[in-house]
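Q:
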Amino acid sequence: MADFTDTLTEDHIAMIEGQPVFFVATAAPEARINLSPKGLADTFRVLSPSRVAYLDLAGSGNETHAHLMADGRITLMFCNFQQPALILRIYGTGRPVLPQDDGWADLAAQFTLLPGTRQIFDVAVESVQTSCGWGVPMMEFDRERATLVKYHTGSDPDQFVAKQSGRTQSIDGLPVRPPDRYIEGTIPPVE
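Going by numbering that gives the first Met the number 0, the sequence shown opens with residue 0, and the numbers climb by one from there.
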């Protein structure tokens, strides 16, 4: 029931664009496996059939960054909670791109930056798998949570940088590079 392709097709891209949530899984040797849900409208981009990226805001941890620096492997999963049932996984290698990194300006130009933007994860697609999704429930999308964007909208830029500069390790002690500046964002928080 599973089908594999080397790159994203137009049908894959259309399915991805219709999903309000996706999941990110990473791992590194001697570290916990990390699995994170991601939401916030308009934070995922298909840059080409073989490259995707997503905008990441500062939150409670930075495990994806640590794992990608240590290992590079990443899996992104999208589930269609409407019809037709479908699960789509993107397998690839990724890297965090921070505001101080070469390539930030070009990559950031692909997004509407949100207050508290910490980094953008740039992913090279190695393979794409689709499967039936018949066990995934049907659900209706209600609305985005505004809490994270609201929190960062009220942040003091100097305090944000100071807080992030102190976060240099994952929960398993792997190194993490913090951003060197606060990204103001160009849109107000969702009410």
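Using N, Cα and C, we set each Cβ at its ideal position, and we do this for glycine too. Quick caveat: nothing in here was measured; it's all calculated off a predicted structure.
Among the candidates R44, T6 and R166, whose CA atom is the shortest distance from the CA of Q117?
A: Taking the sequence shown and counting its residues from 1, one reaches residue 117 at position 118. First, the amino acid is wrong: residue 117 is Arg here, not Gln. When each option's Cα is compared against that of R117, the closest is R166.
Q: To the nearest angstrom, report how far apart R180 and C131 are at their CA atoms.
A: Here residue 180 is taken as the residue at index 181 of the sequence shown, counted from 1. Here residue 131 is taken as the residue at index 132 of the sequence shown, counted from 1. So the alpha carbons of these two residues sit roughly 43 angstroms apart.
Q: Per DSSP, P95 is paired with what?
A: Within the sequence shown, the letter at position 96 stands for residue 95. Partner(s): F120.
Q: Using the Cα positions of F120 and M14, report the straight-line distance between them to the nearest angstrom.
A: Sequence index remark: in the sequence shown, residue 120 carries index 121 (1-based). Sequence index remark: in the sequence shown, residue 14 carries index 15 (1-based). Spanning the two alpha carbons is a distance of roughly 20 angstroms.
Q: So for T63, helix, strand or coil by DSSP?
A: Locating residue 63 in the sequence shown gives position 64, counting from the first residue. It is helical.
Q: Can you give me the Cβ contacts of D5 inside the same chain, cut-off strictly under 7 angstroms, excluding the 5 residues immediately before and after it?
A: To locate residue 5, count along the sequence shown from 1; it is residue 6. Answer for D5: S126, listed in chain order.
Q: Can you look up P178 in the DSSP assignment and give me helix, strand or coil?
A: Here residue 178 refers to the residue found at position 179 when the sequence shown is read from its first residue. Three-state result, P178: coil.
Q: Is the region 30 to 39 touching the region 53 to 69 in the sense that three or more CB pairs, one from each, lie closer than 8 angstroms?
A: Yes, since at least three Cβ pairs between the region 53 to 69 and the region 30 to 39 fall closer than 8 angstroms, the two stretches touch.
Q: Counting Cβ pairs, one atom from each stretch, are 3 or more of them under 8 angstroms apart for the region 75 to 87 and the region 18 to 30?
A: The region 75 to 87, when compared against the region 18 to 30, does touch it at the 8 angstroms Cβ threshold.
Q: Flag this pair as touching only if the region 147 to 163 and the region 108 to 115 have three or more C-beta atom pairs under 8 angstroms; answer yes or no.
A: Yes: at least three Cβ pairs fall under 8 angstroms.
Q: Can you list, in chain order, the residues of its chain whose CB lies under 8 angstroms from that of P19, leaving out five sequence neighbours each side?
A: Locating residue 19 in the sequence shown gives position 20, where the first residue counts as 1. Excluding positions up to five away in sequence, the list reads G38, A40, F140 and E143.
Q: Is the CB-CB distance between G153 and V124 below 8 angstroms?
A: What you label residue 153 is simply residue 154 of the sequence shown in a count that begins at 1. What you label residue 124 is simply residue 125 of the sequence shown in a count that begins at 1. Their beta carbons are not under 8 angstroms apart, which means G153 does not touch V124 by this criterion.
Q: Pull up the CB-CB distance for P174 and Q168, whole angstroms please, since I reckon it's below 8 angstroms.
A: Against the sequence shown, residue 174 aligns to sequence position 175. Against the sequence shown, residue 168 aligns to sequence position 169. Confirmed, about 6 angstroms.
Q: Grab the span of the beta strand (DSSP E) containing I73 for me, first residue to last.
A: As a first step, residue 73 is located in the sequence shown; it is residue number 74 there, counting from the start. Element bounds for I73: R72 to N79.
Q: So, helix, strand or coil for V127, using DSSP?
A: On the sequence shown, position 128 is the one that residue 127 refers to. Of the three classes helix, strand and coil, the one that applies to V127 here is strand, per DSSP.
Q: Taking only three categories from DSSP, how would you classify S164?
A: Residue 164 sits at position 165 when you count from the first residue of the sequence shown. In the structure shown, S164 sits in a helix (DSSP, three-state: H, G or I).
Q: Starting from D2, trace the alpha helix (DSSP H) in both directions and tell me its first and last residue.
A: The count along the sequence shown starts at 1 and reaches residue 2 at position 3. Per DSSP, D2 belongs to no alpha helix (DSSP H); it is in the beta strand (DSSP E), D2 to T4.
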